[in-house]
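Quick note: the sequence shown uses our numbering, first residue 3, plus one each step.
Positions of the beta carbon are idealized from the N, C-alpha and C atoms, including for glycine.
Reading through the structure tokens given below for one structure.
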Amino acid sequence: RGVYHSQQVSPPVTEQEKEHRRMLVRGEAWSPRLLHLGLCVALLASLCPPAGAFGHAAPPSVPCPSSTALWGRSVGCSRRPVCRLKGGAAGTMMGTKDVQFVTNKMCPFAQKVWVCLEEKKVDYDLVEVGLYGSGGKPDWFMKLNPRGLVPVLKHGNKGVTESNDICRYIDANFGDVGSLSPQGQGVDFWMRLMDGEVLPTGKKMVNGGSNPEPFHQAISKFESNIKGPYLLGDVFSLADVTAAPMMWRIFTESRLGVTPEKYPKTCAWMELVKSRPSFKNTVVSSWWWWW
3 RGVYHSQQVS PPVTEQEKEH RRMLVRGEAW SPRLLHLGLC VALLASLCPP
53 AGAFGHAAPP SVPCPSSTAL WGRSVGCSRR PVCRLKGGAA GTMMGTKDVQ
103 FVTNKMCPFA QKVWVCLEEK KVDYDLVEVG LYGSGGKPDW FMKLNPRGLV
153 PVLKHGNKGV TESNDICRYI DANFGDVGSL SPQGQGVDFW MRLMDGEVLP
203 TGKKMVNGGS NPEPFHQAIS KFESNIKGPY LLGDVFSLAD VTAAPMMWRI
253 FTESRLGVTP EKYPKTCAWM ELVKSRPSFK NTVVSSWWWW W
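Set out below in structure tokens:
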């Protein structure tokens with residue numbers, strides 16, 4: 003019995019031994035966590051490149067020149083609805099050529115100029131700007147056109163605004179393919195018809211107008227004045243250039259009733275224009291009416 007009792011009695015524990023035991027307990031509790039943390043740090047270090055390898059991502063209002071998208075959203079770039087190939091809300095124009103076409107590809111008025119540049123085979127830089135959003139319109143763009151409207155053509159130090167005026171300027175100053183104004187005043191008639199009659203009546207219909215008569219009167223006038231196969235006859239002209247973008251948009255609205263049965267010459271003309279590379283190269287999948 004005395005031996006049993008001696009086995010149950012523990013010798014006195016010093017303060018140093020108590021502290022040592024406390025340290026062991028803490029070490030036993032934390033060592034697995036520390037090991038796990040160390041493994042995580044090592045893994046991250048092996049996966050991540052040095053901090054200097056990272057560049058600065060462009061903010062949404064800054065262009066991404068590397069983008070190859072022509073319309074809609076940029077690929078690997080801003081998620082804004084308009085692709086920015088050059089230009090942007092900050093900085094300066096990024097084009098290097100003597101002729102710079104400042105535009106937004108969704109705009110029909112800007113598309114007139116784009117078709118004209120392509121038709122005349124002008125060597126130009128396309129500088130696209132966003133016209134809405136938190137970044138606002140670029141300062142350099144507002145200096146070119148204080149009204150803040152596209153298109154703008156910059157030729158050297160000269161800036162030209164208003165789509166019809168730009169088309170006339172391009173036709174008079176560029177290209178070796180001949181004039182796009184072979185019949186003088188005939189071009190003026192078609193510009194007046196589009197801007198003064200087709201556009202405003204079409205706007206009312208697209209915006210929910212209930213009286214289609216004025217619109218169809220304008221389209222009937224368009225139909226009856228086509229000389230064929232183009233608006234002024236055998237030659238593609240500024241009349242076709244300036245009418246095509248808005249008429250193409252009208253044809254996308256079946257509810258407007260511009261059909262081959264009612265307007266055979268207009269529909270045949272539109273198909274002919276659509277087949278030209280200068281027009282096909284400027285049609286985008288996302289666009290605006292932009293009245």
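Option nearest residue i by Cα separation, candidates the options
{"i": "G138", "options": "L151, Y126 and H157", "result": "L151"}
{"i": "A2", "options": "L182, Y126 and G198", "result": "Residue numbering for the chain in the displayed model covers 3 to 293; residue 2 lies beyond these limits and cannot be assessed."}
{"i": "R149", "options": "N283, T163 and H157", "result": "T163"}
{"i": "W250", "options": "C169, M196 and G135", "result": "M196"}
{"i": "V208", "options": "W290, K145 and K123", "result": "W290"}
{"i": "P184", "options": "K264, L234 and N106", "result": "L234"}
{"i": "E263", "options": "K229, F143 and S222", "result": "S222"}
{"i": "K267", "options": "V200, G230, P279 and G132", "result": "G230"}
{"i": "R278", "options": "E215, Y232 and T105", "result": "Y232"}
{"i": "S226", "options": "S212, K206, C269 and S256", "result": "C269"}
Contacting residues, own chain, Cβ-Cβ under 6 Å from residue i (five flanking each side not counted)
{"i": "P202", "result": "none"}
{"i": "A59", "result": "Only weak support is given to the placement of A59: the predicted model assigns it a pLDDT of 29, under 50, and the question is left unresolved by the model."}
{"i": "A53", "result": "Caution is warranted here: a pLDDT of 32 is assigned to A53, below 50, making its placement in the model unreliable, and the coordinate value is therefore given only provisionally. Cβ within range, chain order: n/a, list empty."}
CB contact flag (residue i, residue j, <8 Å)
{"i": "K156", "j": "Q102", "result": "yes"}
{"i": "Y126", "j": "K99", "result": "yes"}
{"i": "A246", "j": "F281", "result": "yes"}
{"i": "I168", "j": "V124", "result": "no"}
{"i": "K107", "j": "V286", "result": "yes"}
{"i": "V117", "j": "T284", "result": "yes"}
Near the ligand SAH: residue i beta-carbon under 7 Å from a heavy atom
{"i": "V275", "result": "The model depicted lacks the ligand SAH and carries no ligand whatsoever."}
Sequence-distant residues of the same chain with beta carbon closer than 8 Å to residue i, five excluded per side
{"i": "S165", "result": "F111, A112, K114, V115, P153 and T244"}
{"i": "K294", "result": "Given that the chain is displayed from residue 3 to residue 293, the structure contains no residue 294 and the question cannot be resolved."}
{"i": "G204", "result": "F217, A220, M248, I252 and L258"}
Per DSSP, the bridge partner or partners of residue i
{"i": "F238", "result": "In DSSP, F238 forms no bridge with anything."}
{"i": "Y126", "result": "According to DSSP, Y126 bridges with nothing at all."}
{"i": "F176", "result": "Bridge partners of F176: none, in fact."}
{"i": "T268", "result": "In DSSP, T268 forms no bridge with anything."}
{"i": "F103", "result": "L128 and L155"}
{"i": "G161", "result": "K156"}
{"i": "Y232", "result": "G235"}
Contacting residues, own chain, Cβ-Cβ under 7 Å from residue i (five flanking each side not counted)
{"i": "E30", "result": "Low confidence applies here, because E30 scores a pLDDT of 45, under 50, leaving its location unreliable; read the following figure in that light. Within the same chain, E30 has no close Cβ partners at all."}
{"i": "L119", "result": "F103, Y126 and I172"}
Minimum Cβ-Cβ distance from residue i to chain C less than 8 Å
{"i": "N283", "result": "Annotation note: the requested chain C is absent from the structure, which comprises a single protein chain."}
Is the segment 239 to 253 touching the segment 178 to 194 in the sense that three or more CB pairs, one from each, lie closer than 8 Å? yes
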